[in-house]
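Numbering (this note's numbering), first residue to last: 12 to 150.
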């Protein structure tokens, strides 16, 4: 597998029990994210691109077919509130070798729901369609 360049890495949709990791790569890559509450990753959980999984039960997801993409959108589910997590980006079976990556979930509230991603089309100025892309809205 070819090593790819990771760009535009961001944590979005942060809640008390989930977060979404988005990034782009210079070449299409099969990707996943390893998450752990420990820096040594001994208790890691693996999450796959939202477009490659299917919900098979209440809160249970199963990988269907992993697709090579240049845009990556992976929701990390089932996390604990107010917990610090370490994560690794893995593209084509090779871990991203950038800085140590970590984030913390927020305080649990009754009003906070897990965000649902929205999928659509992005039009270019010439009228064509963007084949792959991620749009991040910020307040």
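Every residue, glycine too, gets a C-beta built ideally from N, C-alpha and C.
Keep in mind the model is a prediction, meaning the values are calculated, not measured.
- Restricted to the stretch 60-120, the beta strand (DSSP E) segments that are unbroken, complete and at least 3 residues in length are 64-68, 71-74, 80-87, 95-102 and 113-115, listed in chain order.
- In terms of CA proximity to residue 52, 111 leads the group 111, 143, 23 and 117.
- Secondary structure within the stretch 29-57: not one fully enclosed alpha helix (DSSP H) run of 4 or more consecutive residues is present.
- DSSP places residue 21 within a strand segment (E or B) once states are collapsed to three.
- The beta carbon of residue 135 sits closer than 8 Å to the beta carbons of 141 from its chain, once the five residues preceding and following it are set aside; these are given in chain order.
- Using a Cβ-Cβ distance cut-off of 8 Å, the stretch 20-36 and the stretch 63-74 are not in contact, since fewer than three pairs of beta carbons, one from each stretch, lie closer than that value.
- Taking 8 Å as the upper bound for CB-CB distance, residue 45 and residue 98 are in contact here, some 7 Å apart.
- The straight-line gap separating the alpha-carbon atoms of residue 37 and residue 133 is approximately 19 Å.
- Under the three-pair Cβ rule at 8 Å, the stretch 47-63 does not count as touching the stretch 12-21.
- Taking all protein chains shown into account, residue 104 has fewer than 16 neighbouring C-beta atoms within 10 Å of its C-beta and is therefore exposed.
- About 7 Å separates the beta carbon of residue 17 from that of residue 109, a gap short enough to meet the 8 Å contact definition.
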